Amino acid sequence: MAKTATIDIDGQKYEFPLLTGTENEVAIDIKSLRGVTNGVITLDSGYKNTGSCTSSITFLDGEKGILRYRGYSIEELAEKASFLEVAYLLIFGELPTQEQSVKFHNDIKAQSVVDDDVRKIVDAFPKSAHPMGIISSLTSALTAFNPSSVNVKSEEDMYKAIVKILGKFPVLVAWTLRKKQGLPLDYGDKNLGYVENVLKMMFKQPNEDYVQNQVVVDALDKLLILHADHEQNCSTSTVRITGSSHAGLFASLSAGISALWGPLHGGANQAVLEMLEAIKADGGDTKKYMAKAKDKEDPFRLMGFGHRVYKNFDPRARIIKKAADEVLGDLGIDDPILDIAKGLEKEALEDSYFVDRKLYPNVDFYSGIIYRAMGIPTDMFTVMFALGRLPGWIAQWREMRLNVEPIGRPRQLYIGETERAFVPVDQR
Ligand code: ACO
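The sequence shown begins at 34 in the working numbering and counts up by one.
Pasting the structure below:
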């Protein structure tokens, strides 16, 4: 017999179906709640207990520290797969065959030129603009240069839109950086791998060849894989909810980029570095900042610590910590900021405030350190996160449209004034 959950409201019992996912997670299906109870809703600000959809893309178990894309563990993918293979896996559900892999990359490369008029938009930004503001605007601008909407019923149409954004987004990322640095806007090299091309587009100086460093290439590939999806987080939910109004793919992605910007989400990697810089400038006293983080009167939080769902450890943080050691070791970087980071990490892991609240270093605690070692400016960190998250957003948008989900429209519990009469201005 199908399992149900019973809700008792003022002595009246209502039954709702219990749904079980493939990993035995259980959800109460309350779709009919408002209708059968004559207007009762659930209230869950921050959605800590609310599933917004069913999904077969990413599974994570925050208590056990598990993260899997389409069933494959993040540890195995980070070690054995390339970012483009992971992108294909997330979006289309299976790892690509050799042939599919080559075709996918060729199709992306064929789309890796943006309309030259986009340069004019890039030129119009002040150099002081935050890169996240630039990249979200440029992604939105792509809708103007590619006005035809995606026919989601056509796999071919959908595929074309997907390779288009995967081809053009790295160019926009590189141009965002180059604009800030006053470097000429350039295109990549079709002979290079996806990640090598990103690095060359970003860092090539006009008067010299760009020499690839395999350690940097591998680390960036890994970082992008680790960030590629994370189920229904703030930016992904934004992409899905924007797309649920049938807004196009690029417009939905631009909304997701804006959501990612905040320091409680993707902006945390920038915030971590800024925090470490501030601690250094203040004499490097980590204990002082530990005390500030624990002081409830002080708004300061230890950036890069804690996670909404990982209450044990962030599996991505383990992988990236190792990558950070490799990159810094290989590039021979001796960075005082890193010593401060290590000090904070050690103290927090031994401090009962952090231990009791299960606050562990998250992926962003270490990603900023690697980006810094690669020579990526601090305010570009979140843009790099967006580059990694792109396939996840695309996969989630595609799934949402193929599942024919209804428009996202939460309810509220109104707690404002009840009806009152208008008071003319001379009587207020
Ligand atoms: N420093 C100090 N105290 C913290 C921190 C922190 N970084 N994070 C949480 N706490 C404390 C809270 O003050 C609260 O304490 P209390 O129970 O005494 O009131 C308790 O831990 C629980 O915190 P919540 O804010 O309720 O946890 P929530 O799950 O809502 O927040 C979040 C998670 C936003 C990530 C939070 O831990 C945080 O602000 N961390 C710093 C920012 C950060 O690193 N964000 C990146 C997230 S990962 C990503 O987006 C890729």
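From the three backbone atoms N, C-alpha and C, an ideal C-beta is built for every residue, glycine too. Keep in mind the model is a prediction, meaning the values are calculated, not measured.
Cβ neighbour criterion (16 or more within 10 Å) applied to residue i
i	result
residue 303	buried
residue 124	buried
residue 80	exposed
residue 237	buried
residue 142	buried
residue 451	exposed
residue 230	buried
residue 378	buried
residue 456	exposed
residue 44	exposed
residue 394	buried
residue 18	The first residue shown for the chain is 34 and the last is 461, placing residue 18 beyond what the model contains.
residue 42	exposed
residue 309	buried
Between the CA atoms of residue j and residue i - distance to the nearest angstrom
i	j	result
residue 354	residue 111	13 Å
residue 174	residue 209	14 Å
residue 29	residue 69	Residue coverage of the chain in this structure runs from 34 to 461, which leaves residue 29 outside it and unanswerable.
residue 399	residue 107	17 Å
residue 464	residue 306	Residue 464 is absent from the structure shown; the chain starts at 34 and stops at 461.
residue 196	residue 461	59 Å
residue 56	residue 255	26 Å
residue 61	residue 340	24 Å
residue 352	residue 213	31 Å
residue 200	residue 95	33 Å
residue 292	residue 298	8 Å
residue 422	residue 257	7 Å
residue 453	residue 72	23 Å
residue 337	residue 420	19 Å
residue 367	residue 317	16 Å
residue 334	residue 458	44 Å
residue 134	residue 429	21 Å
residue 182	residue 323	50 Å
residue 166	residue 179	20 Å
residue 315	residue 402	19 Å
residue 84	residue 113	31 Å
residue 116	residue 226	10 Å
residue 220	residue 152	12 Å
residue 283	residue 87	23 Å
residue 146	residue 189	20 Å
residue 396	residue 59	27 Å
residue 160	residue 67	51 Å
residue 388	residue 285	38 Å
residue 373	residue 357	15 Å
residue 186	residue 439	16 Å
residue 290	residue 242	32 Å
residue 137	residue 224	14 Å
residue 279	residue 184	11 Å
Cβ-heavy atom distance, residue i to the ligand ACO, below 6 Å
i	result
residue 191	no
residue 259	no
residue 395	yes
residue 392	yes
residue 339	yes
residue 356	no
residue 100	no
residue 335	yes
residue 419	no
residue 297	yes
residue 480	Here the chain has residues from 34 to 461 only, and residue 480 is not among them.
residue 466	Look at the range of the chain in this structure, 34 to 461, and you will see that residue 466 is not part of it.
C-beta contact flag for residue i and residue j at 7 Å
i	j	result
residue 412	residue 164	yes
residue 415	residue 300	yes
residue 259	residue 390	no
residue 441	residue 274	yes
residue 359	residue 93	no
residue 205	residue 232	no
residue 433	residue 281	no
residue 228	residue 250	yes
residue 380	residue 319	yes
residue 64	residue 51	no
residue 103	residue 126	yes
residue 406	residue 446	no
residue 271	residue 288	yes
residue 194	residue 234	no
residue 22	residue 98	The first residue shown for the chain is 34 and the last is 461, placing residue 22 beyond what the model contains.
Requested in this report: Entirely within the segment 113-200 and at least 3 residues each: give me those beta strand (DSSP E) ranges in chain order.
Outcome: none
Query raised in the report: If you scan the segment 247-325 from start to end, which runs of the alpha helix (DSSP H) of 4 or more residues do you find wholly inside it?
Result: 247-260, 267-276, 282-293 and 301-314
Query raised in the report: Quick one: complete beta strand (DSSP E) runs, 3+ long, within the segment 50-101?
Result: Those beta strand (DSSP E) runs which fall completely within the segment 50-101 and span 3+ residues are 59-61 and 91-94.
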